[in-house]
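Quick note, the sequence shown lines up with residues 1368 to 1492 if you use the numbering used here.
The beta-carbon is built from N, C-alpha and C at its ideal position, and this holds for glycine as well.
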Amino acid sequence: MLPDRMSREDAFKVLSYLTDYIEKQCRVSATRSVGVLDEVLGLERLGFRKENINFSSNEEDIIDLFTVSGRLLLFKKSKEYDRYFEWYREDVDFDEVKEIYKKCGIEFYDLKIKDHVEKMPKMIK
């Protein structure tokens, strides 16, 4: 769930920034950064909430964000391709993310990502 008062577009910017930050700080691939990002989003101070998905709820409110690499033509043939859209936003900087969080009434400061990576299972690193 998104932080209160955060739009989807702003959330895409925040997630893009965090993805880039993780890849740079931890020197991991885009694929592996997804695992780190999933762990980091559990931090209460970022305002995102993990919910158990009740599939009887309104599925239109649930969107999957794909990170695709490798055999792109194979992905285009998959059933998931119809749900794919380009959510990643390039060149989102710290100040932009800080302003997004300010609108939500949350103070944002960069993470110490390496602390989280050290605690993660080896297969995700």
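### Straight-line Cα distance separating T1398 from E1436
For the record, residue 1436 in the displayed sequence is Ser; it is not Glu. Using only the alpha carbons, I get a separation of about 8 Å.
### Query
What does a CB cutoff of less than 8 Å around R1375 pick up in its chain, not counting 5 residues either side in sequence?
L1369 and I1430
### Task
Measure the Cβ-Cβ separation of K1380 and E1463 and say whether it is below 8 Å.
yes
### Query
Which of the three DSSP states, helix, strand or coil, is assigned to I1429?
coil
### Task
In angstroms with no decimal places, state the Cα-to-Cα distance between L1439 and I1389.
23 Å
### Task
Note down the Cα distance separating K1470 from L1404, rounded to an integer number of angstroms.
22 Å
### Query
Does the Cβ-Cβ distance between S1383 and R1450 come in under 8 Å?
no
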